[in-house]
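What follows is one structure encoded as structure tokens, with my remarks underneath.
Protein chains: 2
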Amino acid sequence: MGLSGLSVREDAVGNIFGRWDGYKPGLPAVATGSHIDAIPYSGKYDGVVGVLGAIEALNVLKRSGFRPKRSLEVILFTSEEPTRFGISCLGSRLLAGSKVLAEALKKTTVDGQNISFVDAARYAGYMKGEDDLSNVFLNSGNYSAFLELHIEQGPILEAEGLSIGIVTAIAAPASIKVDFEGNGGHAGAALMPNRNDAGLAAAELALAVEKHVLDSGSIDTVGTVGILELHPGAINSIPSKSHLEIDTRDIDEKRRNEVIEKIHQSAVAIAKKRSVSLTEFRIVNQDPPAISDKSIVKAMEDTSKELNLPHKLMISRAYHDSLFMARISPMGMLFIPCFKGYSHKPEEYAASQDIANGVKVLALTLAKLSLD
Amino acid sequence: MGLSGLSVREDAVGNIFGRWDGYKPGLPAVATGSHIDAIPYSGKYDGVVGVLGAIEALNVLKRSGFRPKRSLEVILFTSEEPTRFGISCLGSRLLAGSKVLAEALKKTTVDGQNISFVDAARYAGYMKGEDDLSNVFLNSGNYSAFLELHIEQGPILEAEGLSIGIVTAIAAPASIKVDFEGNGGHAGAALMPNRNDAGLAAAELALAVEKHVLDSGSIDTVGTVGILELHPGAINSIPSKSHLEIDTRDIDEKRRNEVIEKIHQSAVAIAKKRSVSLTEFRIVNQDPPAISDKSIVKAMEDTSKELNLPHKLMISRAYHDSLFMARISPMGMLFIPCFKGYSHKPEEYAASQDIANGVKVLALTLAKLSLD
Chain U
10 MGLSGLSVRE DAVGNIFGRW DGYKPGLPAV ATGSHIDAIP YSGKYDGVVG
60 VLGAIEALNV LKRSGFRPKR SLEVILFTSE EPTRFGISCL GSRLLAGSKV
110 LAEALKKTTV DGQNISFVDA ARYAGYMKGE DDLSNVFLNS GNYSAFLELH
160 IEQGPILEAE GLSIGIVTAI AAPASIKVDF EGNGGHAGAA LMPNRNDAGL
210 AAAELALAVE KHVLDSGSID TVGTVGILEL HPGAINSIPS KSHLEIDTRD
260 IDEKRRNEVI EKIHQSAVAI AKKRSVSLTE FRIVNQDPPA ISDKSIVKAM
310 EDTSKELNLP HKLMISRAYH DSLFMARISP MGMLFIPCFK GYSHKPEEYA
360 ASQDIANGVK VLALTLAKLS LD
Chain E
10 MGLSGLSVRE DAVGNIFGRW DGYKPGLPAV ATGSHIDAIP YSGKYDGVVG
60 VLGAIEALNV LKRSGFRPKR SLEVILFTSE EPTRFGISCL GSRLLAGSKV
110 LAEALKKTTV DGQNISFVDA ARYAGYMKGE DDLSNVFLNS GNYSAFLELH
160 IEQGPILEAE GLSIGIVTAI AAPASIKVDF EGNGGHAGAA LMPNRNDAGL
210 AAAELALAVE KHVLDSGSID TVGTVGILEL HPGAINSIPS KSHLEIDTRD
260 IDEKRRNEVI EKIHQSAVAI AKKRSVSLTE FRIVNQDPPA ISDKSIVKAM
310 EDTSKELNLP HKLMISRAYH DSLFMARISP MGMLFIPCFK GYSHKPEEYA
360 ASQDIANGVK VLALTLAKLS LD
């Protein structure tokens, strides 16, 4: 298995495309794919199933003697996880034409060691002499359909004994970076009334995020403080700086944005109450949700029925490269069950049989869409 | 300036002693000193003033033609700050005869990179072939007095326009390490009711520390969460582990221990409420306060009067090597003003004139105690 037999190209940021030409190569192609990068201390199925599954789906179709009408493409998206540069879905976001991101990558994006995105890309053999990242953008008519196979990253399919989830919408994510600054000082000598502890401001804001999410009253609203860092980080030093990164998501963009507004109001109020400075409250991204294409959803449903695989329509609460591909192509996603819904931790697992079922639905749906 | 002219010895953990023999070398000596290590991102006066000041005090006495009766010693204590091994006042605590520490250093103490204390000490040229750290312990009758010159690390002397603070007691410190563990998971896919977020448990406990300290009703009670770490530390991952390090101090040991008990009760209650595990609640040290020796206090007061330096009796809210030296020797401490009371941050500063005043009082007090 591999990309052999496909014509392969890489773009300037490391997205990889493997193409199987159809007998009408002038028609917009049908694409499928996902990512293979991971967050620290995570599992090995998130993303990878959709890449290896896509390659296997094309191999199965080849072995069966199928001849595509529209070309079929496998895409390996670069940097879906925000691990290094703090930007999620970097590859697909850029493919979808984000001018803001193209500018940021060229000028301001650095990793935790202050290495610029441009230097890192060049070191890895990309962005050779290219100053304009807009050549990575894909045109809206480039694909007639984009499909992504992925583990559910939630417990529903396993709990309900279903093989296939057909995604009708992807929840809208937003990321916020917050910095507080106080005077710090010695943990023994500075008395409590004289303190403005940036760490306690961060602790209060983390709890406020949870409160505002729960106050929304909606099960579909989530909010997480995954990063909370204190400076200088010594047991006998009052934190003089704190840094939080907040993730909020919803299938309702307006409701999510109201939660963000409340988080902002809390950050301002906490800073005032504790006499710390709110030196940054930056909404890093605030993406709209994506709705799956109706005809692709129907094709996936029909295929699941033909294969006698129990399935249901569902929402993706995690977001994916599909969220951004939906901006330039009709989009659909397939979920398969995963152990207890675990994801982003080492216990993440999907059974071979479930992966095989997902690949079957993917392959047959790609075949149908190719002939469409 | 330096240790030249003194007979110098080092012990097995890197405490350094410079001795000026008196004309009655068989009498217990008078010692003075402090530390030269620092926490990250800190200042350059904490500790250093008491080491360079001690050396200068002995030099001044030599230049003046003074002949000590009791020998005078300068001590440079190793690892006063807990930076590397998480143990504060490592050197003086061991000199004062802590068997618990001697055992821990030999068997269980490691730094953040899992390097053992023994390996680090040997790499630095200490603990050569020695298996028993009890040879570092000093006898109770070894010194007739121990004095430490130090910046106040608080705002009182500067605010009141005083040159010298004479310490009557050192507040009792305690350090606690806490770990929470939950299931972690994906920040999008795991819905709020299904979460047990170790990071939010840590945030709640940090605020509980502040609450219990304030509830004590005493200005002398302080509590600080200087370290709060989340694992895995990714924006799109619910924290599965959190680690806090808490510092509490008081001049009243009983009141401080009541605060620790309340913090423990909160940790248990928060773990239960949030369905996380409290995998560690460890009181790393819980030291009693130290009371200065009355005759040393009187000698410092008399000297300050003779030098026409405005002074006051005060409490040390920060703790020092003196806290542990008080276990084996009559103890006294001298404070000098520092800029705005700042300490443990780069803005820490003491004026040359204030340092000179402190050295004068130290030198004359050492001379008196030497002749005593």
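Line by line, the protein sequences give chains U and E. In short: position in the first sequence from 1, add 9, done, that's my numbering. In short: position in the second sequence from 1, add 9, done, that's my numbering. No residue lacks a Cβ here, since even glycine has one placed at the ideal position from N, Cα and C.
Residue i: contacting residues in chain E (beta-carbon distance under 7 Å)
{"i": "Ile244 of chain U", "result": "Pro91, Ser184, Gly235, Ile236, Glu254 and Asp256"}
{"i": "Glu213 of chain U", "result": "Leu216"}
{"i": "Gln295 of chain U", "result": "In chain order: nothing, as chain E lies at least about 14 Å away."}
{"i": "Tyr328 of chain U", "result": "Gly197"}
{"i": "Pro241 of chain U", "result": "Ile48, Pro49 and Tyr50"}
{"i": "Ala180 of chain U", "result": "Gly197"}
{"i": "Leu223 of chain U", "result": "Met201"}
Anticipated Cβ contact below 8 Å, residue i with residue j, distance rounded
{"i": "Lys78 of chain U", "j": "Leu380 of chain U", "result": "5 Å"}
{"i": "Gly341 of chain U", "j": "Met309 of chain U", "result": "6 Å"}
{"i": "Val60 of chain U", "j": "Leu200 of chain E", "result": "Incorrect: roughly 27 Å between the Cβ atoms, too far for contact."}
{"i": "Tyr152 of chain E", "j": "Val39 of chain E", "result": "7 Å"}
{"i": "Leu214 of chain U", "j": "Leu253 of chain U", "result": "6 Å"}
{"i": "Phe333 of chain E", "j": "Ala47 of chain E", "result": "Not quite, the Cβ-Cβ distance comes to about 19 Å (not below 8 Å), so this is no contact."}
{"i": "Gly35 of chain U", "j": "Ile45 of chain U", "result": "Not really, about 31 Å apart at Cβ, beyond 8 Å."}
Residue i: contacting residues in chain U (beta-carbon distance under 8 Å)
{"i": "Val268 of chain E", "result": "The premise fails here: Val268 of chain E is roughly 12 Å from chain U at the closest Cβ pair, so nothing lies under 8 Å."}
{"i": "Glu219 of chain E", "result": "Met201, Asp206 and Leu209"}
{"i": "Val231 of chain E", "result": "Ala196, Gly197, Ala199, Leu200 and Met201"}
Helix, strand or coil at residue i according to DSSP, with G and I counted as helix
{"i": "Leu114 of chain U", "result": "helix"}
{"i": "Thr87 of chain E", "result": "coil"}
{"i": "Met201 of chain E", "result": "helix"}
{"i": "Lys271 of chain U", "result": "helix"}
{"i": "Thr78 of chain E", "result": "First, the amino acid is wrong: residue 78 of chain E is Lys here, not Thr. Coil."}
{"i": "Thr233 of chain E", "result": "strand"}
{"i": "Ile255 of chain U", "result": "strand"}
{"i": "Lys71 of chain E", "result": "helix"}
{"i": "Ser143 of chain U", "result": "helix"}
{"i": "Ala183 of chain U", "result": "strand"}
{"i": "Asn245 of chain U", "result": "coil"}
{"i": "Ser379 of chain E", "result": "helix"}
{"i": "Asp206 of chain U", "result": "coil"}
{"i": "Ser227 of chain E", "result": "coil"}
{"i": "Lys281 of chain E", "result": "helix"}
Option in the options with minimal Cα separation from residue i
{"i": "Ile179 of chain U", "options": "U:Asp188, U:Lys186 and U:Ile260", "result": "U:Ile260"}
{"i": "Arg18 of chain U", "options": "U:Ile45, U:Met201, U:Ala111 and U:Phe86", "result": "U:Phe86"}
{"i": "Val187 of chain E", "options": "E:Val176, E:Val83, E:Ile292 and E:Asp302", "result": "E:Ile292"}
{"i": "Ser249 of chain U", "options": "U:Glu219, U:Ile272 and U:Leu287", "result": "U:Leu287"}
{"i": "Glu169 of chain E", "options": "E:Phe290, E:Val57, E:Val69 and E:Lys321", "result": "E:Lys321"}
{"i": "Leu375 of chain U", "options": "U:Ala154, U:Ala198 and U:Arg93", "result": "U:Ala154"}
{"i": "Gly42 of chain E", "options": "E:Ser51, E:Phe26 and E:Gly174", "result": "E:Phe26"}
{"i": "Glu161 of chain E", "options": "E:Ser352, E:Val368 and E:Ser73", "result": "E:Ser352"}
{"i": "Leu166 of chain U", "options": "U:Ser246, U:Lys377 and U:Leu343", "result": "U:Leu343"}
{"i": "Gln295 of chain U", "options": "U:Thr312, U:Ser338 and U:Ile269", "result": "U:Ile269"}
{"i": "Arg102 of chain E", "options": "E:Glu89, E:Gly95 and E:Arg93", "result": "E:Glu89"}
{"i": "Leu216 of chain U", "options": "U:Arg204, U:Asp206 and U:Thr233", "result": "U:Thr233"}
{"i": "Glu267 of chain U", "options": "U:Val218, U:Ile305 and U:Lys314", "result": "U:Val218"}
{"i": "Leu373 of chain U", "options": "U:Glu315, U:Pro355, U:Glu357 and U:His159", "result": "U:Glu315"}
{"i": "Ile337 of chain U", "options": "U:Asp224, U:Ala113, U:Leu318 and U:Ser107", "result": "U:Ser107"}
{"i": "Pro297 of chain U", "options": "U:Pro182, U:Glu190 and U:Arg204", "result": "U:Pro182"}
{"i": "Val109 of chain E", "options": "E:Ser143, E:Pro37, E:Cys347 and E:Phe348", "result": "E:Ser143"}
{"i": "Ser149 of chain E", "options": "E:Thr118, E:Pro37 and E:Arg204", "result": "E:Pro37"}
Contacts that residue i makes with chain U (C-beta to C-beta distance below 7 Å)
{"i": "Met340 of chain E", "result": "Going along chain U, no residue has its Cβ under 7 Å from Met340 of chain E, so there is no contact; the nearest lies around 17 Å."}
{"i": "Ser249 of chain E", "result": "Lys354"}
Residues that residue i contacts on chain U, provided the C-beta gap is smaller than 9 Å
{"i": "Gly150 of chain E", "result": "Those do not exist, as Gly150 of chain E stays about 30 Å from chain U at its closest Cβ, beyond 9 Å."}
{"i": "Ser97 of chain E", "result": "Ile244 and Asn245"}
{"i": "Gly350 of chain E", "result": "Gly194, His195, Ala198, Ala199 and Asn203"}
Contact set between residue i and chain E, taken where Cβ atoms lie within less than 8 Å
{"i": "Gly193 of chain U", "result": "His353 and Lys354"}
{"i": "Gln162 of chain U", "result": "His195, Gly197 and Ala198"}
Contacts that residue i makes with chain E (C-beta to C-beta distance below 9 Å)
{"i": "Ala113 of chain U", "result": "None at all; the shortest Cβ gap to chain E is about 17 Å."}
{"i": "Gly226 of chain U", "result": "Ordered by position in chain E, no residue passes the 9 Å Cβ test against Gly226 of chain U, which lies about 11 Å from the chain."}
Cβ-heavy atom distance, residue i to the ligand ATP, below 7 Å
{"i": "Lys263 of chain E", "result": "What this structure holds is no ligand at all, so the ligand ATP is not there to describe."}
Contact list for residue i against chain C, beta-carbon separation under 7 Å
{"i": "Leu12 of chain E", "result": "The structure shown contains no chain C; its protein chains are U and E."}
request  = Write down every uninterrupted run of the beta strand (DSSP E) in the region 22–66 of chain E whose length is 3 residues or greater and which is fully enclosed by it, in chain order.
outcome  = 25–29 and 38–44
task = Just list the beta strand (DSSP E) runs in the region 323–365 of chain U, keeping only unbroken ones of 3 residues or longer that don't cross its boundaries, in chain order.
result = 340–345
query = Which full runs of the alpha helix (DSSP H) of 4+ residues lie inside the region 147–180 of chain E, going along the chain?
reply = 165–169
request  = Write down every uninterrupted run of the alpha helix (DSSP H) in the region 287–315 of chain U whose length is 4 residues or greater and which is fully enclosed by it, in chain order.
outcome  = 303–315
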